[in-house]
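Structure first, then comments.
In UniProt numbering, the protein residues as written are 1 to 363.
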């Protein structure tokens with residue numbers, strides 16, 4: 001999950017499904033303070049745990065609940081690109097200054113280093129079979145003397161090789177996300193198709209179940225998350241960006257990767273009580289931040305007329321009141337996700353309607 005949405009967390013209660021929660025980027029600076037971190041855990045984790053099986057908190061401080069691992073997902077842009085595993089290293093500037101201290105944190109806390117390996121982004125017609133877990137002759141690395149039959153293993157071993165050179169080969173690796181688009185624009189063909197997505201994700205499931213590990217990490221099992229559960233029809237970007245899901249928004253499957261359970265009536269759906277939510281400035285938000293938020297929202301197509309003289313929300317004529325109305329309007333216009341109520345850490349989501357007699361907030 002890309003936020004700690006309470007309605008979704010309640011929906012996963014008592015299902016046995018593992019849930020990983022991402023801390024919004026804007027919350028990170030304030031959570032360097034242990035008291036703030038404790039309050040965040042009390043507000044967003046403790047009400048749902050352990051009924052909801054939360055096993056990862058992505059980015060943040062371990063505070064109060066000791067058996068939820070704290071980590072962060074990393075792009076595979078960190079290892080410097082190489083076709084030879086033996087010379088794989090980290091990008092200059094990331095190794096000693098950034099990555100090594102981070103790996104040391106994972107070693108001390110016994111938490112995994114999480115990466116997002118995407119053979120999808122390495123696709124080319126000549127590499128298609130290796131990218132999609134299809135039968136192929138493989139690739140032999142003469143330096144490590146290992147043969148690779150798929151790019152997923154190659155990417156994980158690239159990470160392992162770079163970590164080993166920093167002397168952190170003992171730190172566990174987890175896969176934060178990996179997947180394949182089932183539909184794309186004309187310029188995204190022939191990569192994006194249902195057969196390709198089914199072969200990749202289906203092959204990934206079989207590869208995981210086989211428990212063979214990788215050539216450099218034999219018999220190693222990696223916690224692995226498939227991106228994504230649902231297609232995101234309202235997501236911005238190309239057609240491919242909207243079509244990484246195993247299911248459509250109406251819950252119908254796009255394709256089956258071997259995880260569907262045949263027969264039997266589905267469990268009675270859990271009714272989620274969705275309360276109204278509002279995005280407003282934090283009490284300590286500075287005037288500069290509020291003014292910046294107003295300018296940003298008005299540049300994103302949100303109707304700013306209500307806060308202008310004569311508008312329904314012009315009164316009270318204060319910077320905070322005007323920013324509050326517009327930030328909430330943006331939050332509802334762009335989708336009720338925590339990251340749309342971030343505003344560089346100057347906003348907070350509340351459930352109390354801040355409307356007044358003349359100014360009605362979007363809800």
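Beta carbons are placed, not taken as given, at the ideal position from N, Cα and C, and that holds for glycine.
Values in this document were obtained by computation on a predicted structure and should not be read as measured data.
- Residue 222 is positioned such that its CB atom lies no closer than 8 Å to that of residue 2.
- Across the structure, residue 350 and residue 35 are spaced so that their CA atoms are roughly 20 Å apart.
- Per DSSP, residue 290 has no beta-bridge partner at all.
- Unbroken beta strand (DSSP E) runs of no fewer than 3 residues, entirely contained in the UniProt domain "X8" (277-361), are found at 278-281, 347-350, following chain order.
- Residue 179 is not a Cβ neighbour of residue 133, given a cutoff of 8 Å.
- If you ignore the 5 residues before and after residue 208, its C-beta comes within less than 8 Å of the C-beta of 221, 222, 224, all in its own chain and listed in chain order.
- Residue 13 places its beta carbon less than 8 Å from that of residue 51.
- Of all alpha-carbon atoms in 108, 103, 149, 142, the one lying nearest the alpha-carbon of residue 160 is that of 103.
- Assignment of residue 122 by DSSP, reduced to helix, strand and coil, places it in the helix class.
- Per DSSP, the beta-bridge partners of residue 230 are 247.
- Straight through space, the alpha carbons of residue 28 and residue 307 are spaced by roughly 31 Å.
- Proximity of the stretch 239-259 to the stretch 293-300 falls short of the contact definition, fewer than three beta-carbon pairs being nearer than 8 Å.
- Cβ neighbours of residue 129 within its own chain (closer than 8 Å, five residues either side excluded): 135, 136.
- Contact between the stretch 181-192 and the stretch 140-158 is absent: fewer than three C-beta pairs spanning the two stretches fall below 8 Å.
- Setting aside the 5 residues that flank it on each side, residue 211 is surrounded in the same chain by 219, 221, each with a C-beta closer than 7 Å to its C-beta; the list follows chain order.
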